[in-house]
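Each step along the sequence shown adds one to the number in numbering that gives the first Met the number 0, with nothing skipped, and position 68 is 67. Scroll down for the structure; my scribbles are underneath it.
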Amino acid sequence: MGLHNTTPLTVDQLLRALAALGQPHIADPDVRPDGPTEQDLPGLLGALLGLVETESATLVNPLEEPPSALHGLQQGWQHTTEDRDIHRAVLLNRLRRTMFDLPILLADADPDDDEAAEPPGIAGASSSVTAAADLIDAQQHLAQDRVEHALLALDSAEGALAQALLTLYLLRLQIRAAQGQEPD
0 MGLHNTTPLT VDQLLRALAA LGQPHIADPD VRPDGPTEQD LPGLLGALLG
50 LVETESATLV NPLEEPPSAL HGLQQGWQHT TEDRDIHRAV LLNRLRRTMF
100 DLPILLADAD PDDDEAAEPP GIAGASSSVT AAADLIDAQQ HLAQDRVEHA
150 LLALDSAEGA LAQALLTLYL LRLQIRAAQG QEPD
């Protein structure tokens, strides 16, 4: 999805925003003697996003059904644009970030150990998020008459859902073992 931002954020804007929020970004003088450059935009955006998401997570009470602050958060970001393509791109980006963040941030395994298995609940959650992104992709490709791409995305979603179901079963076996029950 090739979106174009007519008013992209600059390095200076992001540095000022981070500083205003109490998180000044210090560039390594050996790597960036003149300070951050355009190459640093993803990292700066990630730092700002991290601050906003952390604040959002502390604001939303997950015990409320539904969380009252969640509506305001949704309305706030939805009103930044009325362009549904941008909404879709934001949601897909969020899902894909979550897919990568789950095993990195929640698994207790050593990230450098290729042999370490992810806990099944984490692996299943990551697979479920992958399936969600693939299903959105498939629907969008179909809407744009790109049937072959839609089928590829659908195949990917199906594989991810199969993986999620397998990890659900494995987690159930772990729970039964923890309860002292015999597996089926």
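We treat Cβ as the ideally placed atom computed from N, Cα and C, and that holds for glycine.
Cβ shell of residue i (< 8 Å), same chain only, five flanking positions each side left out
i, result
"A152", "D133, L134, D136, A137, H140"
"V59", "P66, A68, L69, L72"
"D107", "P118"
Check whether residue i and residue j have beta carbons under 8 Å apart
i, j, result
"P119", "Q173", "yes"
"L44", "V10", "no"
"V211", "T79", "The chain is shown from 0 up to 183; residue 211 falls before or after that span and cannot be answered."
"L2", "D84", "yes"
"P35", "H24", "yes"
"A88", "S126", "no"
"I121", "L150", "no"
"Q74", "H86", "no"
Three-state secondary structure (DSSP) of residue i
i, result
"E52", "helix"
"Q139", "helix"
"A19", "helix"
"A116", "coil"
"D107", "coil"
"I121", "helix"
"Q178", "coil"
"L2", "coil"
"P61", "coil"
"E81", "coil"
"T9", "coil"
"V30", "coil"
"D144", "coil"
"P41", "helix"
"T97", "helix"
"T129", "helix"
"H24", "coil"
Nearest neighbour of residue i, chosen from the options [CA to CA]
i, options, result
"A18", "D82, I103, L40, A46", "A46"
"R95", "A124, Q162, P35, T53", "A124"
"E37", "G158, L8, Q74", "L8"
"A130", "P28, L160, A16", "L160"
Residues near residue i in its chain [Cβ-Cβ closer than 7 Å; skip 5 each side]
i, result
"L50", "L20, Q22"
"A156", "A130, D133, L134, A137"
"A16", "L47"
6 Å CB neighbourhood of residue i in its chain, flanking five on each side removed
i, result
"L167", "G123"
"A26", "G34, P35"
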